[in-house]
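Colleague: Handing you a structure now.
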Amino acid sequence: MASQNEIPSNRSATLQSLSPSRASDFKRCPQLFKFSAIDRIPTEPTVYQARGTTAHLALEHLFGLPANERTPERLAELFATAWADAAPTEYPDLFPDSESEQTWLAESLEVLSNYFLVEDPTLIEPLARELDMTQAVGHMTIRGILDRMEETDEGLVITDYKTGKAPPERYAMSAFFALKIYALLIRIREGRTPDVLKLMYLTGPKVYTIPVTDAQLDAMQRQLEALWKAIERAIDTGTFPTRTGVLCDYCSYRDICPAFDQDTEGPSE
Ligand code: SF4
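Going by the numbering used here, the residue at position 20 of the sequence shown is 11; the numbering climbs one at a time, nothing skipped.
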């Protein structure tokens, strides 16, 4: 019989760390978390993911240039180079033909050019870009990549780039979930609470910012601890309920999800 302190082997094998996106998956739908984090069922990359990953690389490299070279033309070149490097190995089957790839490339560059409408990169010297945030939080290990952090007149600002469209303002607070986690990790690692969280949506474009307080980060730590316990319980009991909603239409696992009758494609009775 296992002692009370012994971690069941299936749990220790699967929950070694948690990223904000996996935590968000579990909140949204435990079955989705199981498909992605436990079963690790690979999903086909999408044109939106390819755009996001490539834009993040281009923006990271932009800030590696001297300030006077951070121009729209250089950002477009950086995107094209990052795409040319990644496409053959990471996205070999993403496009059926070169015409659709060129259309995607043109749309991506248009989205990326919006970056210059929301800030002037010549005025920013980031303290960190694409920062590995693997960090112990109590008995948990939280991991992720923070896009950017810099010192400004408003204090310490951490930024998350998004290539998609911004949610309406009334739903924007929930989009700060990952950034609040990163702010907590910064507080633990640096001993300093960030002052501002910034979500930068390049489609639109639209920027949302919120101030950060220690009370918010304390609440986030409690939320993460509760989530971690809930995930441990789900793993121990093998119980991962489905939670259907509008986001099922965008779920990569819908075709194999038990919540849907795979013959009729409607929700199971
Ligand atoms: S299709 Fe919906 S219910 Fe099924 S795993 Fe995805 S989000 Fe969950």
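Where a beta carbon is used, it is the ideal one built from N, C-alpha and C, also for glycine.
Given a threshold of 16 other Cβ atoms within 10 Å of its Cβ, counted over all protein chains shown, does residue -2 qualify as buried or as exposed?
Modeller: For residue -2, the predicted model reports a pLDDT of 40, less than 50, meaning its position is unreliable; a value from the coordinates is still stated below. Residue burial is scored here from C-beta neighbours: residue -2 has fewer than 16 other C-beta atoms within 10 angstroms and is therefore classed as exposed.
Colleague: With DSSP collapsed to three states, give me the class of residue 124.
Modeller: coil
Colleague: Can you look up residue 221 in the DSSP assignment and give me helix, strand or coil?
Modeller: The answer is helix: DSSP assigns residue 221 an H, G or I state.
Colleague: Counting pairs of Cβ atoms below 8 Å between the stretch 225 to 242 and the stretch 179 to 199, do you hit three or more?
Modeller: no
Colleague: Kindly indicate which three-state DSSP category residue 198 falls into: helix, strand or coil?
Modeller: strand
Colleague: State the Cα-Cα distance for the pair residue 90 and residue 249, rounded to the nearest angstrom.
Modeller: 37 Å
Colleague: For the putative contact between residue 150 and residue 99, defined by C-beta atoms under 8 Å, what is the C-beta separation to the nearest angstrom?
Modeller: At roughly 20 Å, the Cβ-Cβ gap does not stay under 8 Å, so residue 150 and residue 99 are not in contact.
Colleague: By alpha-carbon positions, which one of 66, 23 and 129 ends up nearest to residue 214?
Modeller: 129
Colleague: Among residues of its own chain, excluding the 5 on either side of residue 172, which ones have a beta-carbon nearer than 8 Å to its beta-carbon?
Modeller: Excluding residues up to 5 positions away in sequence, 11, 14, 133, 135, 211 and 215 lie with their Cβ nearer than 8 Å to the Cβ of residue 172 in the same chain.
Colleague: Given that a residue counts as buried once 16 or more other Cβ atoms are within 10 Å of its Cβ, and exposed if not, what is residue 185?
Modeller: buried
Colleague: Could you check the C-alpha separation between residue 131 and residue 217 for me, to the nearest Å?
Modeller: 11 Å
Colleague: How far does the beta strand (DSSP E) with residue 132 in it extend, from its first residue to its last?
Modeller: 131 to 133
Colleague: Let me confirm a value: residue 118 is counted as buried when at least 16 other C-beta atoms fall within 10 Å, else exposed. Which label applies?
Modeller: exposed
Colleague: Spatial neighbours of residue -6 within its chain, please: CB distance less than 6 Å, with the 5 preceding and 5 following residues excluded, ordered by chain position.
Modeller: Residue placement at residue -6 cannot be trusted, given a pLDDT of 37 that sits under 50; what the coordinates show is reported in the next sentence. So the list is empty, once near-sequence residues are dropped.
Colleague: I'd like to know whether the C-beta atoms of residue 193 and residue 154 end up nearer to each other than 8 Å.
Modeller: Against a cut-off of 8 Å, the Cβ pair of residue 154 and residue 193 comes out as a contact.
Colleague: Among the residues of its own chain, which have a CB less than 7 Å from the CB of residue 158, if the five just before and after it don't count?
Modeller: 166
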